[in-house]
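*Asks:* Pasting in a structure now, in structure tokens, and then I'll have a few things to ask.
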Amino acid sequence: DSGVTQTPKHLITATGQRVTLRCSPRSGDLSVYWYQQSLDQGLQFLIQYYNGEERAKGNILERFSAQQFPDLHSELNLSSLELGDSALYFCASSVAWGGAGLTGELFFGEGSRLTVL
Amino acid sequence: KNEVEQSPQNLTAQEGEFITINCSYSVGISALHWLQQHPGGGIVSLFMLSSGKKKHGRLIATINIQEKHSSLHITASHPRDSAVYICAAPDNTDKLIFGTGTRLQVFP
Chain H
1 DSGVTQTPKH LITATGQRVT LRCSPRSGDL SVYWYQQSLD QGLQFLIQYY
51 NGEERAKGNI LERFSAQQFP DLHSELNLSS LELGDSALYF CASSVAWGGA
101 GLTGELFFGE GSRLTVL
Chain Y
118 KNEVEQSPQN LTAQEGEFIT INCSYSVGIS ALHWLQQHPG GGIVSLFMLS
168 SGKKKHGRLI ATINIQEKHS SLHITASHPR DSAVYICAAP DNTDKLIFGT
218 GTRLQVFP
């Protein structure tokens, strides 16, 4: 058990819909990262938050947004869903921010599997 | 071009064999991560290393910063080691770039 909790574990929805994925980081971790893993692209970094502030952005679509709340949990909002958004979405947390090379070990949640029909 | 490349893509082994998975990266890095993804999808961080060698149980990770190369070794492999092994390194903006993974199957 990594200590990182993601909900929901599975989600099936239709094109055009909006979903929210939730992540609770490991106790004491201030950084939260979101990653997307699709079948044809492997793991891709989406966005990082540290102590409530956005710190780094990757290949995140404009239809996607995220935030980190004062209690450090984070939500990833996906809107106007398309078939290609079907993927596993992972959240990870780490203690510090200082770049991916300096954050120390990453702790991953179990992922949220999104299927868009 | 993916800045983090792994080889082989697929690997099969008999139980007890010594396994090596390689990772090459093209950017200067401060640390490299090895991850394990189980068949169910969950990801576990195995190592983060910036120099030398680290060992955890039957797993050993080495890195050569000058050659921009890292290896993950599994000694006395076991069917429960069957998983996808992924290396990841930060790019020049410190965002993690992931390799495409090595799918390992260990047969009894």
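Protein chains in written order, with the working numbering: chain H, 1 to 117; chain Y, 118 to 225.
Ideal Cβ placement from N, Cα and C applies to all residues, glycine included.
Please report the straight-line C-alpha distance between residue 16(H) and residue 80(H), rounded to a whole angstrom.
*Replies:* For the purposes of this step, residue 16(H) is identified with residue 16 of the first sequence, where counting begins at 1. For the purposes of this step, residue 80(H) is identified with residue 80 of the first sequence, where counting begins at 1. Cα-Cα distance, rounded: 4 Å.
*Asks:* Compare the beta carbon distance of residue 117(H) and residue 87(H) with 9 Å and say whether it is the shorter of the two.
*Replies:* For this step, residue 117(H) is matched to residue 117 along the first sequence. For this step, residue 87(H) is matched to residue 87 along the first sequence. Their beta carbons are not under 9 Å apart, which means residue 117(H) does not touch residue 87(H) by this criterion.
*Asks:* List in chain order: all unbroken alpha helix (DSSP H) runs of 4+ residues lying wholly within the region 121 to 178 of chain Y.
*Replies:* none
*Asks:* For residue 76(H), go through chain Y and note every residue whose CB falls closer than 9 Å to its CB, in chain order.
*Replies:* As a working note, residue 76(H) is residue 76 in the first sequence. Those within 9 Å of residue 76(H) in chain Y number zero; the least Cβ separation is about 16 Å.
*Asks:* At a Cβ threshold of 9 Å, is residue 110(H) touching chain Y?
*Replies:* Numbered from 1 along the first sequence, position 110 holds the residue referred to as residue 110(H). Yes - at least one Cβ of chain Y is within 9 Å of the one on residue 110(H).
*Asks:* For residue 62(H), does the count of other Cβ atoms within 10 angstroms reach 16, so buried, or fall short, so exposed?
*Replies:* The count along the first sequence starts at 1 and reaches residue 62(H) at position 62. With fewer than 16 Cβ atoms within 10 Å of its Cβ, residue 62(H) is classed as exposed.
*Asks:* Is it right to say residue 45(H) is buried, meaning 16 or more other beta carbons lie within 10 angstroms of its own, or is it exposed?
*Replies:* Within the first sequence, numbered from 1, the residue matching residue 45(H) stands at position 45. Buried, since its Cβ has 16 or more Cβ neighbours within 10 Å.
*Asks:* May I ask you to list, following chain order, the residues of the region 42 to 69 of chain H that have a beta carbon less than 7 Å from some beta carbon of chain Y?
*Replies:* 42, 43, 45, 56, 58
*Asks:* Does the Cβ of residue 10(H) have 16 or more other Cβ atoms within 10 Å, making it buried, or fewer, making it exposed?
*Replies:* Stepping through the first sequence from its first residue, residue 10(H) is reached at position 10. Residue 10(H) is exposed by the Cβ-count criterion.
*Asks:* Excluding five sequence neighbours on each side, which residues of the same chain lie with their C-beta closer than 6 Å to the C-beta of residue 213(Y)?
*Replies:* For the purposes of this step, residue 213(Y) is taken as residue 96 along the second sequence, with counting starting at 1. Result list for residue 213(Y): 205, 207, in chain order.
*Asks:* Less than 9 Å between the beta carbons of residue 137(Y) and residue 222(Y), yes or no?
*Replies:* Stepping through the second sequence from its first residue, residue 137(Y) is reached at position 20. Stepping through the second sequence from its first residue, residue 222(Y) is reached at position 105. No, the Cβ-Cβ distance between residue 137(Y) and residue 222(Y) is not below 9 Å.
*Asks:* Enumerate in chain order the residues of its own chain whose CB-to-CB distance from residue 113(H) is below 6 Å, with the five nearest sequence positions on each side excluded.
*Replies:* Counted from its first residue, the first sequence places residue 113(H) at position 113. Contacts found: 10, 88.
*Asks:* Do you know how far the Cα of residue 26(H) is from the Cα of residue 101(H)?
*Replies:* Locating residue 101(H) in the first sequence gives position 101, where the first residue counts as 1. Locating residue 26(H) in the first sequence gives position 26, where the first residue counts as 1. Low confidence applies here, because residue 101(H) scores a pLDDT of 49, under 50, leaving its location unreliable; read the following figure in that light. Each residue's Cα considered, the two are about 19 Å apart.
*Asks:* So for residue 106(H), helix, strand or coil by DSSP?
*Replies:* The residue you call residue 106(H) lines up with position 106 of the first sequence. Reduced to three states, the DSSP call for residue 106(H) is coil.
*Asks:* Report the residue ranges of all beta strand (DSSP E) runs contained in full by the region 55 to 85 of chain H; include only those spanning at least 3 residues, in chain order.
*Replies:* 64 to 68, 74 to 78
*Asks:* Would you grab the beta carbon distance between residue 153(Y) and residue 219(Y) for me? Rounded to a whole angstrom, and I think it's under 8 Å.
*Replies:* The residue labelled residue 153(Y) in the question sits at position 36 within the second sequence. The residue labelled residue 219(Y) in the question sits at position 102 within the second sequence. That pair is no contact at about 10 Å.
*Asks:* What whole-angstrom Cβ distance do residue 148(Y) and residue 166(Y) have, given they're in contact under 8 Å?
*Replies:* As a working mapping, residue 148(Y) is identified with position 31 in the second sequence. As a working mapping, residue 166(Y) is identified with position 49 in the second sequence. About 6 Å separates the two Cβ atoms, so the contact holds.
*Asks:* Helix, strand or coil, according to DSSP, for residue 101(H) in the structure here?
*Replies:* Position 101 of the first sequence, counted from the first residue, corresponds to residue 101(H). Caution is warranted here: a pLDDT of 49 is assigned to residue 101(H), below 50, making its placement in the model unreliable, and no coordinate value can be reported.
*Asks:* Expressed to the nearest angstrom, what Euclidean distance is found between the alpha-carbon atoms of residue 75(H) and residue 173(Y)?
*Replies:* Along the first sequence, one-based indexing puts residue 75(H) at 75. Along the second sequence, one-based indexing puts residue 173(Y) at 56. When rounded, the distance between both Cα atoms is 33 Å.
*Asks:* What does the Cβ neighbour count give for residue 110(H), buried or exposed, with the cut at 16 atoms within 10 Å?
*Replies:* Reading the first sequence from its first residue, position 110 is the one you call residue 110(H). Per the 10 Å Cβ criterion, buried.
*Asks:* Take residue 141(Y) as the anchor and find which of 134(Y), 185(Y), 202(Y) has the nearest alpha-carbon.
*Replies:* As a first step, residue 141(Y) is located in the second sequence; it is residue number 24 there, counting from the start. Closest option to residue 141(Y), Cα to Cα, is 185(Y).
*Asks:* By how many angstroms is the C-alpha of residue 36(H) removed from the C-alpha of residue 59(H)?
*Replies:* To locate residue 59(H), count along the first sequence from 1; it is residue 59. To locate residue 36(H), count along the first sequence from 1; it is residue 36. Distance between the alpha carbons of residue 59(H) and residue 36(H) is about 9 Å.
*Asks:* Report the three-state DSSP secondary structure of residue 18(H) (helix, strand or coil).
*Replies:* For the purposes of this step, residue 18(H) is identified with residue 18 of the first sequence, where counting begins at 1. DSSP, read as helix, strand or coil, puts residue 18(H) in coil.
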